[in-house]
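Novice: First the structure, then my questions, so here it is.
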Amino acid sequence: MLSKKYLLTILTVVMALFSNSSFAQDETSGGSNVYRGAGYDVLDTSLIPTKRMDQQRDFLTNQYDFPSKPRNQWELGISFGNFSVSGDVRAKNMFTAKNPGQTLGFGVHLRKAWGYIISTRLQFLHGTASGFNWQPSTGYADHGGNPWNSYYKIPGYSAGNEVFYNYKTNIDELSFQLVASLNNVKFHKARNKASLYALAGIGGSLYDTWVDAKNATGKNYDFTKIVYKNYAEDQPSWNNEYKSRKAKNTDLKNLFDGKYESRAERHDNRPWFGKERTYRTVLTAGLGMQFKLGRKISLSIEDKWSYTNDDLVDGQRWQEWPNPGNGGSAMTRDFDTYNYLSIGLNLHLGGKSVEPLWWMNPLDYGYTEMKRPRTGGNCDSDSDGDGVSDCFDRCPDTPAGVAVDTHGCPIDTDGDGVPDFKDKQLITPTECQPSDADGIGNCPDPECCKNGPVKAGCGNISSGAISFPSGATKLGSGSMSTLSKLSNAMRANPTCKVVVMGNGSGSKMEQQRSWDRVNAVINYMVDNQGIDRDRFIFQYGQSGDANSVNYRSAGEGEEGPSNMPPPFPNLRRN
Numbered sequence: 001m002l003s004k005k006y007l008l009t010i011l012t013v014v015m016a017l018f019s020n021s022s023f024a025q026d027e028t029s030g031g032s033n034v035y036r037g038a039g040y041d042v043l044d045t046s047l048i049p050t051k052r053m054d055q056q057r058d059f060l061t062n063q064y065d066f067p068s069k070p071r072n073q074w075e076l077g078i079s080f081g082n083f084s085v086s087g088d089v090r091a092k093n094m095f096t097a098k099n100p101g102q103t104l105g106f107g108v109h110l111r112k113a114w115g116y117i118i119s120t121r122l123q124f125l126h127g128t129a130s131g132f133n134w135q136p137s138t139g140y141a142d143h144g145g146n147p148w149n150s151y152y153k154i155p156g157y158s159a160g161n162e163v164f165y166n167y168k169t170n171i172d173e174l175s176f177q178l179v180a181s182l183n184n185v186k187f188h189k190a191r192n193k194a195s196l197y198a199l200a201g202i203g204g205s206l207y208d209t210w211v212d213a214k215n216a217t218g219k220n221y222d223f224t225k226i227v228y229k230n231y232a233e234d235q236p237s238w239n240n241e242y243k244s245r246k247a248k249n250t251d252l253k254n255l256f257d258g259k260y261e262s263r264a265e266r267h268d269n270r271p272w273f274g275k276e277r278t279y280r281t282v283l284t285a286g287l288g289m290q291f292k293l294g295r296k297i298s299l300s301i302e303d304k305w306s307y308t309n310d311d312l313v314d315g316q317r318w319q320e321w322p323n324p325g326n327g328g329s330a331m332t333r334d335f336d337t338y339n340y341l342s343i344g345l346n347l348h349l350g351g352k353s354v355e356p357l358w359w360m361n362p363l364d365y366g367y368t369e370m371k372r373p374r375t376g377g378n379c380d381s382d383s384d385g386d387g388v389s390d391c392f393d394r395c396p397d398t399p400a401g402v403a404v405d406t407h408g409c410p411i412d413t414d415g416d417g418v419p420d421f422k423d424k425q426l427i428t429p430t431e432c433q434p435s436d437a438d439g440i441g442n443c444p445d446p447e448c449c450k451n452g453p454v455k456a457g458c459g460n461i462s463s464g465a466i467s468f469p470s471g472a473t474k475l476g477s478g479s480m481s482t483l484s485k486l487s488n489a490m491r492a493n494p495t496c497k498v499v500v501m502g503n504g505s506g507s508k509m510e511q512q513r514s515w516d517r518v519n520a521v522i523n524y525m526v527d528n529q530g531i532d533r534d535r536f537i538f539q540y541g542q543s544g545d546a547n548s549v550n551y552r553s554a555g556e557g558e559e560g561p562s563n564m565p566p567p568f569p570n571l572r573r574n
């Protein structure tokens, strides 16, 4: 039995843990790339899953403004608390029940964040609820499967037939829930030390309900001692029941033996499990609050309701007086629900992962970046002298004297993918695009190219093509051999540059896919083959086989950016 002293001891231990925990360990310190609300280094690629590495790489090279979402930890939680049924019979708690252990619940859950607001939770819950009415009832007669029928003596709703309904219900529930964090988007502080959340879900439960209808000798209880007792609070009229409810509760608590030997009424048309258990699909809803005790542990207080669409969870479903004076039967209006008010401890599980995202403020990165950019805090530097600070320059290696746009990338007036400083046909008509590597359209004016063709250079690097499956932007295993040969040729010719040209100039999606494929090729050569990024010239939107990327030696004096902003970033494929 769980006593008040035992419960007080548990709460004292929990509060001691809470008060002695160091919140200082939650705050990060040091590096300019560590954000107070996020608590991790956004440049640490070990925190990024493989499927989001392309976005992270583009973020690190200033081609994309947003860092990838990091891998975050799972939460494993355990809880216990008061378990009760809201139905036709009054529920008791651990202080008013005959046996406090018959009003307790235990739960265990696994929770995962999929964003900063929404997470999902799988929870198993076992609970036992009990209760009894302090008001007598006589409307139980002639209802099949009712354990009170043996008390029926006088036909009708008559004095002498009174009983006091009671029950004990055992419930096991497995549910899947959506959990929404309600307070982690903050405009005036970096992070939370308490997380407020709401939940809703669906699940299934098994329950079996029992009634204490017999005393220890197996005979009916003598309820007349309570029904006809003159309670002091009832004077001058014994029928004034409400004032004496506390005294009657005490007398009933002492009268019942707490064995619950009789099976309560149950449905004949609902699925049963085993001999006694009934299955119900349930809907769940609740509110909770978590308090951080450390980086990997938190305390939670939660109230959760489960809606059963069933009126026999407490073993009673009949109205007391459906048709006064004429008899008859009618069921009660509302279905039963059950409630779990709990306290719990939660642990964070995961290696190379940040803490669960509901503890992070998604606005913190933006606020901190404005105050302390990841370039080291010096936004006055402009390494290529193009007038755009290195904090915001997406093309940090622009040649001297070249006009750039607001992103620091060379201007391309006609939008043919060839910047103006290389374009031999500055204004290529739209109907003549796509242009070739020199910016010349497919119907050029003979007078457009006064400087003549670009002279070839680095002839030891052969031209070639990398094939991609239709619609794909990731390199296939068959491309590795070709790129390995290219990397060997570039090492043998260390002064040569290579032009990487993506094909696809029709729709916006084709142009974006062309950019993605060129980006994938150059990233592979840099990350896997160790070739300097500055040795590549980035071109996309070219005419040619739409499912390939071509490469060739750069011509003598041919220059171009090694990075270009994506043309239509909202159309990027995962």
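Here the sequence shown stands for residues 1 to 574, where the numbers follow this note's numbering. The C-beta atom is built at its ideal place from N, Cα and C for all residues, glycine as well.
Is the stretch 524-537 touching the stretch 559-569 in the sense that three or more CB pairs, one from each, lie closer than 8 Å?
Specialist: yes
Novice: Can you find the residues in the same chain that come closer than 6 Å, C-beta to C-beta, to ASN62, ignoring five residues on each side of it along the sequence?
Specialist: Against the sequence shown, residue 62 aligns to sequence position 62. So the list reads ARG394, once near-sequence residues are dropped.
Novice: Alpha carbon to alpha carbon, how far is GLU556 from GLU357? Give it in angstroms, no decimals.
Specialist: By one-based count along the sequence shown, residue 357 stands at place 357. By one-based count along the sequence shown, residue 556 stands at place 556. Note that residue 357 is Leu in the sequence shown, not Glu. Near 52 Å, if we compare the C-alpha coordinates of GLU556 and LEU357.
Novice: What does DSSP give as the partner residue(s) for ILE537 in the beta ladder?
Specialist: For the purposes of this step, residue 537 is identified with residue 537 of the sequence shown, where counting begins at 1. Residue pairing by DSSP places ILE537 opposite VAL499 in a beta bridge.
Novice: Mapping the DSSP letters down to three states, classify ASP585 as helix, strand or coil.
Specialist: Residue 585 lies beyond the stretch modelled for the chain, which goes from 1 to 574, so this question has no answer here.
Novice: Does the pairing of the stretch 88-108 with the stretch 278-286 give three or more beta-carbon distances under 8 Å?
Specialist: no
Novice: Taking the C-alpha atoms as reference points, what is the distance between VAL500 and ARG52?
Specialist: Here residue 500 is taken as the residue at index 500 of the sequence shown, counted from 1. Here residue 52 is taken as the residue at index 52 of the sequence shown, counted from 1. Their Cα atoms are separated by approximately 23 Å.
Novice: Quick check: the Cα distance between ASP414 and GLN433, rounded to an integer number of angstroms?
Specialist: Counting from 1 along the sequence shown, the entry for residue 414 is found at position 414. Counting from 1 along the sequence shown, the entry for residue 433 is found at position 433. Rounded to whole angstroms, ASP414 and GLN433 show a C-alpha spacing of 10 Å.
Novice: Apart from the five residues on each side of it in sequence, which residues of its chain come closer than 7 Å, Cβ to Cβ, to LEU252?
Specialist: Numbered from 1 along the sequence shown, position 252 holds the residue referred to as residue 252. Answer for LEU252: PHE132, TRP134, PHE164 and ILE226, listed in chain order.
Novice: Are there 16 or more other CB atoms within 10 angstroms of the CB of ILE171, so buried, or fewer, so exposed?
Specialist: Position 171 of the sequence shown, counting from 1, holds the residue named residue 171. The residue in question, ILE171, is buried, as its Cβ has 16 or more Cβ neighbours within 10 Å.
Novice: Can you give me the C-alpha to C-alpha distance between THR250 and THR209, rounded to a whole angstrom?
Specialist: Taking the first residue of the sequence shown as position 1, residue 250 is located at position 250. Taking the first residue of the sequence shown as position 1, residue 209 is located at position 209. Between THR250 and THR209, the C-alpha separation is close to 23 Å.
Novice: Taking SER220 as part of the beta strand (DSSP E), name the residues at either end of that continuous run.
Specialist: Taking the sequence shown and counting its residues from 1, one reaches residue 220 at position 220. In the sequence as displayed, the identity of residue 220 is Asn instead of Ser. Note, ASN220: premise wrong, no beta strand (DSSP E); not H, not E.
Novice: Return the residue from the list GLY478, ILE461, SER462 and SER463 that minimises the CA-CA distance to PRO469.
Specialist: Taking the first residue of the sequence shown as position 1, residue 469 is located at position 469. Measuring from the Cα of PRO469, the nearest candidate turns out to be GLY478.
Novice: Between GLN56 and THR50, what straight-line distance do the alpha-carbon atoms span, to the nearest angstrom?
Specialist: Taking the first residue of the sequence shown as 1, we reach residue 56 at position 56. Taking the first residue of the sequence shown as 1, we reach residue 50 at position 50. Cα to Cα, GLN56 sits roughly 10 Å from THR50.
Novice: In its own chain, which residues sit with a C-beta less than 8 Å from the C-beta of PRO569, not counting the 5 before and 5 after it?
Specialist: Position 569 of the sequence shown, counted from the start, is the residue given in the question as residue 569. Only TYR64 and GLN512 meet the Cβ criterion.
Novice: Note the first and the last residue of the continuous beta strand (DSSP E) segment covering SER548.
Specialist: For the purposes of this step, residue 548 is taken as residue 548 along the sequence shown, with counting starting at 1. From DSSP, the beta strand (DSSP E) with SER548 extends over 548-553.
Novice: Here's a check: name, in chain order, each residue in its chain whose Cβ is nearer than 7 Å to the Cβ of PHE538, leaving out the five neighbours to either side.
Specialist: Taking the first residue of the sequence shown as 1, we reach residue 538 at position 538. So the qualifying residues of the chain are VAL500, VAL518, ILE522, GLY560, PRO561, SER562, ASN563 and MET564.
Novice: What number of angstroms, rounded off, separates the C-alpha of GLY288 from the C-alpha of THR120?
Specialist: Along the sequence shown, read from residue 1 onward, the residue named residue 288 stands at position 288. Along the sequence shown, read from residue 1 onward, the residue named residue 120 stands at position 120. Looking at the two C-alpha atoms, the distance is approximately 14 Å.
Novice: Where does GLU75 land, buried or exposed, given buried means 16+ other C-beta within 10 angstroms?
Specialist: Here residue 75 corresponds to residue number 75 of the sequence shown, with the count starting at 1. Answer is buried; the Cβ neighbour count reaches 16.
Novice: If you draw a straight line from the C-alpha of ASN230 to the C-alpha of THR224, how long is it?
Specialist: In the sequence shown, the residue the question calls residue 230 occupies position 230. In the sequence shown, the residue the question calls residue 224 occupies position 224. If you take the alpha carbons of ASN230 and THR224, they lie about 11 Å apart.
Novice: By DSSP's criteria, GLU355 is part of a beta bridge. Which residues make up the other side?
Specialist: Position 355 of the sequence shown holds residue 355. GLU355 pairs with nothing; no bridge assigned.
Novice: Helix, strand or coil for TYR340 per DSSP?
Specialist: If you number the sequence shown from 1, residue 340 lands on position 340. Three-state DSSP puts TYR340 in a strand.
Novice: Leaving aside the five residues before and after TYR551 along the sequence, list all residues of the same chain whose C-beta is less than 8 Å from its C-beta, in chain order.
Specialist: The residue given as residue 551 occupies position 551 in the sequence shown. These residues qualify, in order along the chain: SER463, GLY464, ALA465, ILE466, LEU486, VAL498, VAL499, VAL500, MET501 and VAL521.
Novice: Keeping to the same chain, check which residues put their C-beta closer than 8 Å to that of VAL354; ignore five residues upstream and five downstream.
Specialist: For this step, residue 354 is matched to residue 354 along the sequence shown. The answer, listed in chain order, is ALA38, GLY39, TYR40, LEU47, PRO70, ARG71, ASN72, GLN73 and MET360.
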